[in-house]
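Engineer: Provided herewith is a single structure, encoded as C-alpha cells, for subsequent inquiry.
Number of protein chains: 2
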Amino acid sequence: MTVRAAPSPEEIRKRNLAALLRHVHRDGAASRATLAERMGLNRSTILALTADLAAAGLVREELPGQTGKAGRPSLVVRAESERVYVVALDVGADRLAAARVGLGGLVLDQIETARPMGTFDPEDVISALASMARGMIGKAADAVCVGVGVAFCGMVREEDGVVRYGPNIGWVDVPFGASLTRELDLGLRVAVGNNANLGALAERERGVGVGLSDLIYLHGDVGIGGGIIMGGQLLGGEGGYAGEVGHMIVNRDGRPCACGSRGCLEAEAGELGLIAAAGRTDRAGRAAVEAIVEAAARGDATARDALHNVGDWLGYGVANLVNIFNPSMVVFGGVLRDIYLASAAQVRSRVAVDGLQAVRERVRLRTSTLGGDATLIGAAELAFADVLTDPLQTLARISAGLE
Amino acid sequence: MTVRAAPSPEEIRKRNLAALLRHVHRDGAASRATLAERMGLNRSTILALTADLAAAGLVREELPGQTGKAGRPSLVVRAESERVYVVALDVGADRLAAARVGLGGLVLDQIETARPMGTFDPEDVISALASMARGMIGKAADAVCVGVGVAFCGMVREEDGVVRYGPNIGWVDVPFGASLTRELDLGLRVAVGNNANLGALAERERGVGVGLSDLIYLHGDVGIGGGIIMGGQLLGGEGGYAGEVGHMIVNRDGRPCACGSRGCLEAEAGELGLIAAAGRTDRAGRAAVEAIVEAAARGDATARDALHNVGDWLGYGVANLVNIFNPSMVVFGGVLRDIYLASAAQVRSRVAVDGLQAVRERVRLRTSTLGGDATLIGAAELAFADVLTDPLQTLARISAGLE
Chain A
1 MTVRAAPSPE EIRKRNLAAL LRHVHRDGAA SRATLAERMG LNRSTILALT ADLAAAGLVR
61 EELPGQTGKA GRPSLVVRAE SERVYVVALD VGADRLAAAR VGLGGLVLDQ IETARPMGTF
121 DPEDVISALA SMARGMIGKA ADAVCVGVGV AFCGMVREED GVVRYGPNIG WVDVPFGASL
181 TRELDLGLRV AVGNNANLGA LAERERGVGV GLSDLIYLHG DVGIGGGIIM GGQLLGGEGG
241 YAGEVGHMIV NRDGRPCACG SRGCLEAEAG ELGLIAAAGR TDRAGRAAVE AIVEAAARGD
301 ATARDALHNV GDWLGYGVAN LVNIFNPSMV VFGGVLRDIY LASAAQVRSR VAVDGLQAVR
361 ERVRLRTSTL GGDATLIGAA ELAFADVLTD PLQTLARISA GLE
Chain V
1001 MTVRAAPSPE EIRKRNLAAL LRHVHRDGAA SRATLAERMG LNRSTILALT ADLAAAGLVR
1061 EELPGQTGKA GRPSLVVRAE SERVYVVALD VGADRLAAAR VGLGGLVLDQ IETARPMGTF
1121 DPEDVISALA SMARGMIGKA ADAVCVGVGV AFCGMVREED GVVRYGPNIG WVDVPFGASL
1181 TRELDLGLRV AVGNNANLGA LAERERGVGV GLSDLIYLHG DVGIGGGIIM GGQLLGGEGG
1241 YAGEVGHMIV NRDGRPCACG SRGCLEAEAG ELGLIAAAGR TDRAGRAAVE AIVEAAARGD
1301 ATARDALHNV GDWLGYGVAN LVNIFNPSMV VFGGVLRDIY LASAAQVRSR VAVDGLQAVR
1361 ERVRLRTSTL GGDATLIGAA ELAFADVLTD PLQTLARISA GLE
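Below you can see the structure in the form of C-alpha cells.
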C-alpha cells in the first residue's frame, strides 16, 4: 500500500464539480441547500461549483415548481438536458436501437430498427448505427454531444471496444468500437459495453434496483446475458467478461446452444428453448415469445406446458445464481421479463426448493422497470462517464475537437 | 458522494503503522530502504514508524543473512513472530484443527483431531476447541495472543459469528462465535468465517494465487465450498453468504444432497459422490478418497470409472464458474485437491469444451499449495485483522484487558 499525498485544491475542485453534476444527473433537480447537505459541503462552496457548471452550460438554476411553502422559494440546480446529451446505441440479436439522451437521463429522441435474426455483417451494422446516430445529431444542432455509448449482445473487451464473441450474430474478434469511432468521426471515442452489464447498471441507477449493492440483472434476447453488481461494483473478472450466466450448463443432455455446448441456461430457458418447447417454427424474437405467452393465457396446453418447462429451467439457473452470489435482487429484463412473468410460479418454486435458506430468504425476484430500454439507458450512462468524471475538462476537450 | 476532509496527522500515522506492519507480516523481513520504496515514504518516516512498532514489541530490527554485498549491511525489519501470535481454529466435517501462528505467518504449533462424521453437538465442539486453544496458549506464557479466528465448514454470519447453516455437521443458527468467545474468556472476540472464503484469502496472500485479483478457491471436505475473490475483494453478497458453489445444481436428476436438493455439485463431484460412484461403503473422509485414488492408480477399473465420472461433473461445475466469473485461476483445495489431481484430464476437457473462448483461454487450474492448511491459515489471517488495521491501539486494548 502506498500512501498518497493529500489532493490539491484543483483536484478537490474537479472532484466536487463531478460529484455535484452526478447528483443532479442521477437524482434530478435539487436546491443548493439540499446539495450542500447531500455532499457534506457548505453553501458557499456549492454556490461556486454551481456557478462554474452553469458557466460551462452543464446546469442552470431556476425556480422550482409550486412547493406550498411561504416565503421566497429556493432556486433549484437542474441539468441542461436539452443542451448536453449523449448518443446511446443498442445492438441486439434482432434489433438496432438508438437514443439521444440528455444530461439528467431524459430520453430526447429514440428510434429502433427490427432486423432479421442471423449473421450480421459488421460493416452493415456499423453503417446503420452511424446513420441512425447522424440523423439524431443533425436534429440537435444547438446542443453538444458529450459521448457515444453502445450496448452489445456479446462479450466485449471494454478498453478498446473489440467484440470478442457475439454468437447470436456471428461475430468473433470484431474491432467494433474503433470502426464505429472512425465512421462517426465526432472526435469522441465510442465506448462499447456488454448489454447485460449496462442493463444492470441502468436498473441500479434508474430502475428497480436503485441503491442496491448486490444485484443480478438477467437480460434475454436470443441469448441470456447477466450483469452482476456485487458490493456496488460491476463484476468484471480477469478480462471483463464475467457474467456469462447464459452459458451455465443446467442440463447436460439438453438442447444444443449457439456456443457449441449443450444444455446451457440460454438454450433451455431462453427464447429458442421456449419456441422449441412449444413446438413452434417461428423465428426467434420478442413477437414469438409474446405469441406463446398469449396462447398460454388463452388456455393452449402446449404453450402452457412449454412455459412451465422453461420456467423450471430458468428456476434452476436462478437458484444456482442465488446460492453462488447471495444477491438481494434478481431482475428479469428483455424478453426474459415476459418469460418470467408467465412462469413465475415455477421459477419461485425452484428457488424455494433449491435455494439455501440463508440466501433465499432475502432475495427478491423482480422484473425490469426500464423494460426493453434498460440496455439502451445503460449505454447512455456509459457515454456520460467522462463528463461525469471531469465535467469542465471533458467539455473543453470536446469543444476544442469540434472547432 | 460525500467529500471527506483530509486525514489528520494522527490518522495518517495509524495508517502508516498498519501498512508497514502488513508489509513485514505478508512479505517477510525487509530493510528500511525496501520498505521506504514499497510504501512510497521517506526513510526518516520509516525509521520513526519502525521505532514505534519495535517499542510496542511488534517488530524488531536485526542483521540480515549474508548478502554477498560489500559494506555495512542494512538492518532488516522483522515481525516478532515468537512474541505476537494468534490462535487459528478449523472446524471441518471430519476434523478439528488448531494452530498457533506468529505475526508474519509462522506456524508455531499445530494440532489436529479426527472426528467421526455426522452430527456434532455444538457444546462438544466448543469445549474441544477451547481445550485445544488453551493448551497452545499455556505453552506460550511470555507471548501475547492478539486474536482468535475460526474457519467453519458452512454458512457464517460474520458480524456475530452465528453459524446459519452447516449441513454436514447438522448445525442451524448456532451462536458459535459468541459461545466460543465466552468459553475462551481471553478478552478477545473470536472471529468466525466460512472455511472456503478463508482458504481463498490464504491462497491469495500466501499460496498459489499470490497477487491475483480474480481467483476462485474450491474447498472439498464432505461438501464443496467456494471462496471467490473478484477485483481483489472477497465476494460477500447481501448477507455475506456468497460462494455456495457446492449447491449449484449440475444434474437435475442426480444424487440427493445434504441440503435437501438433488444433483448439487457437491453431491456429484464431492467425497460422497466419489464414494458412491466407486460403489464403496466407506465413511466419507480423506482416507476414503485416497483409497479410491490409489485403487485407480493400481488399475482398478471401478475406481477409475468413478474418478472419470466425478471429474466430468467437477468439470461442468468449473466450466460454469469460469463462464460466470472469468477468473484468472481456479484453485482446488482440501480433498478436492486429490480428486482434481486424479481426474484433471476430465475436468480440463470439460472446461475446453464448455468454457467460452475469451474466458477459458486465460484461466489456470491449480491445486492449493497450502494443502490441508489453507483454511487454518486463512483463519489466522482473520485473527490478525485487528492488529494489522490499528497495531498500537489493538495491542493497548489487549494489554488493558489482560491486566
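Sequence order for the protein chains is A and V.
Numbering-wise (the numbering used here), the first sequence opens with residue 1 and increments by one.
Numbering-wise (the numbering used here), the second sequence opens with residue 1001 and increments by one.
By construction, the Cβ of each residue, glycine as well, lies at the ideal position given by its N, Cα and C atoms.
Ends of the beta strand (DSSP E) at F152 of chain A?
Structural biologist: First-last of the beta strand (DSSP E) with F152 of chain A: V144 to F152.
Engineer: N194 of chain A by DSSP, collapsed to three states: which one?
Structural biologist: Three-state result, N194 of chain A: strand.
Engineer: Given a cut-off of 9 Å on the beta-carbon distance, is the pair T375 of chain A and G334 of chain A in contact?
Structural biologist: Yes, the pair counts as a contact, with Cβ atoms nearer than the cut-off.
Engineer: So for V1210 of chain V, helix, strand or coil by DSSP?
Structural biologist: Coil.
Engineer: Taking 9 Å as the threshold (beta carbon to beta carbon), is A295 of chain A in contact with chain V?
Structural biologist: Chain V, which has no Cβ nearer than 9 Å to the Cβ of A295 of chain A, makes this no.
Engineer: Which first and last residues belong to the beta strand (DSSP E) in which H219 of chain A is found?
Structural biologist: H219 of chain A -> beta strand (DSSP E) spans L215 to G220.
Engineer: So, with DSSP's three-state summary, where would you put S8 of chain A?
Structural biologist: Reduced to three states, the DSSP call for S8 of chain A is coil.
Engineer: So, with DSSP's three-state summary, where would you put N1251 of chain V?
Structural biologist: If DSSP states are grouped into helix, strand and coil, N1251 of chain V belongs with the strands.
Engineer: Between the stretch 1253 to 1264 of chain V and chain A, which residues of the former have CB atoms less than 7 Å from a CB of the latter, in chain order?
Structural biologist: Hits within the stretch, in order: C1259 and S1261.
Engineer: Give the straight-line distance between the Cα atoms of R255 of chain A and D160 of chain A, rounded to the nearest whole angstrom.
Structural biologist: Computed Cα separation, rounded: 34 Å.
Engineer: Could you give the first and the last residue of the continuous alpha helix (DSSP H) run that contains Y340 of chain A?
Structural biologist: Counting along the chain, the alpha helix (DSSP H) containing Y340 of chain A begins and ends at V335 to D354.
Engineer: Along the stretch 357 to 380 of chain A, where does the CB come closer than 7 Å to a CB of chain V? Name the residues.
Structural biologist: Correct list: Q357, A358, V359 and R362.
Engineer: Check the DSSP bridge columns for G223 of chain A and list the partner residues they point to.
Structural biologist: Partner(s): none; G223 of chain A has no beta bridge.
Engineer: Which residue spans inside the stretch 1025 to 1107 of chain V form an unbroken alpha helix (DSSP H) run of at least 4?
Structural biologist: Entirely contained in the stretch 1025 to 1107 of chain V, the alpha helix (DSSP H) runs reaching 4 residues are, in chain order, 1032 to 1039 and 1043 to 1055.
Engineer: Can you check whether the C-beta of V1250 of chain V is within less than 9 Å of a C-beta belonging to chain D?
Structural biologist: Protein chains A and V are contained in the structure displayed, whereas chain D is not.
Engineer: Would V1293 of chain V and I1275 of chain V be called neighbours here (beta carbons separated by less than 9 Å)?
Structural biologist: For V1293 of chain V and I1275 of chain V, no; Cβs fall outside 9 Å.
Engineer: For a test of the three-state rule: what should DSSP assign to F1176 of chain V, helix, strand or coil?
Structural biologist: In the structure shown, F1176 of chain V sits in a helix (DSSP, three-state: H, G or I).
Engineer: Within its chain, find whatever has a CB closer than 6 Å to the CB of N1251 of chain V; leave out the 5 residues flanking it on each side and keep chain order.
Structural biologist: If we look at N1251 of chain V and ignore the five residues flanking it on each side, its Cβ neighbours are G1263 and E1268.
Engineer: Measuring CA to CA, which of V:T1281, V:A1141 and V:V1107 is closest to E1381 of chain V?
Structural biologist: The option with the nearest alpha carbon to E1381 of chain V is V:V1107.
Engineer: Check the Cβ-Cβ distances between H247 of chain A and every residue of chain V, and say whether any is below 9 Å.
Structural biologist: Output row for H247 of chain A: interface = yes.
Engineer: Using only alpha-carbon positions, find the residue among V:G1246, V:A1036 and V:S1044 that is nearest to N323 of chain A.
Structural biologist: Residue V:G1246 is the option with its Cα nearest to N323 of chain A.
Engineer: In terms of alpha-carbon separation, which member of V:A1097, V:V1146 and V:T1050 lies closest to V1084 of chain V?
Structural biologist: The candidate whose alpha carbon is nearest that of V1084 of chain V is V:V1146.
Engineer: Would you report the Cα separation of A19 of chain A and A1143 of chain V, rounded to the nearest angstrom?
Structural biologist: Each residue's Cα considered, the two are about 49 Å apart.
Engineer: Give the list of continuous beta strand (DSSP E) stretches no shorter than 3 residues that lie fully inside the stretch 1258 to 1335 of chain V.
Structural biologist: Segments of the beta strand (DSSP E) lying fully in the stretch 1258 to 1335 of chain V: 1329 to 1334.
Engineer: Is there contact here, the stretch 1038 to 1054 of chain V with the stretch 1097 to 1114 of chain V, by at least three beta-carbon pairs under 8 Å?
Structural biologist: As far as the Cβ criterion goes, the stretch 1038 to 1054 of chain V does not touch the stretch 1097 to 1114 of chain V, which means the pair count is below three.
Engineer: In terms of residue numbering, what span does the beta strand (DSSP E) encompassing R1189 of chain V cover?
Structural biologist: That residue, R1189 of chain V, is in no beta strand (DSSP E); it is neither H nor E in DSSP.
Engineer: Grouping DSSP H, G and I as helix and E and B as strand, with all else coil, what is I1228 of chain V?
Structural biologist: In the structure shown, I1228 of chain V sits in a strand (DSSP, three-state: E or B).
Engineer: What residue range is occupied by the uninterrupted beta strand (DSSP E) comprising V1162 of chain V?
Structural biologist: Run containing V1162 of chain V: V1162 to G1166, per the beta strand (DSSP E) assignment.
Engineer: Can you grab the Cα-Cα spacing for the pair D1109 of chain V / G1138 of chain V, in whole Å?
Structural biologist: About 12 Å.
Engineer: Quick one: residues in its chain with C-beta nearer than 8 Å to the C-beta of A128 of chain A, no 5 flanking neighbours on either side, listed in chain order?
Structural biologist: These residues qualify, in order along the chain: L96 and T113.
Engineer: Buried or exposed for L1272 of chain V, please, with buried defined as at least 16 other CB atoms from any protein chain shown within 10 angstroms of its CB.
Structural biologist: By the 10 Å Cβ count, L1272 of chain V comes out buried.
Engineer: With a threshold of 9 Å between beta carbons, is I46 of chain A in contact with chain V?
Structural biologist: Cβ-Cβ to chain V under 9 Å: no for I46 of chain A.
Engineer: Taking a cut of 7 Å between CB atoms, which residues from the stretch 1345 to 1356 of chain V lie near chain A?
Structural biologist: Within the stretch 1345 to 1356 of chain V, the residues whose Cβ lies closer than 7 Å to some Cβ of chain A are V1353, D1354 and L1356, listed in chain order.
Engineer: Using a Cβ-Cβ distance under 9 Å, would A6 of chain A count as near chain V?
Structural biologist: So, interface residue.
Engineer: Apart from the five residues just before and just after T119 of chain A, which ones in its own chain have a Cβ nearer than 8 Å to its Cβ?
Structural biologist: Once the five neighbours on either side are set aside, the close Cβ partners of T119 of chain A are I169 and G170.
Engineer: With H, G and I counted as helix, E and B as strand and the rest as coil, what does DSSP make of D109 of chain A?
Structural biologist: Correct three-state label for D109 of chain A: strand.
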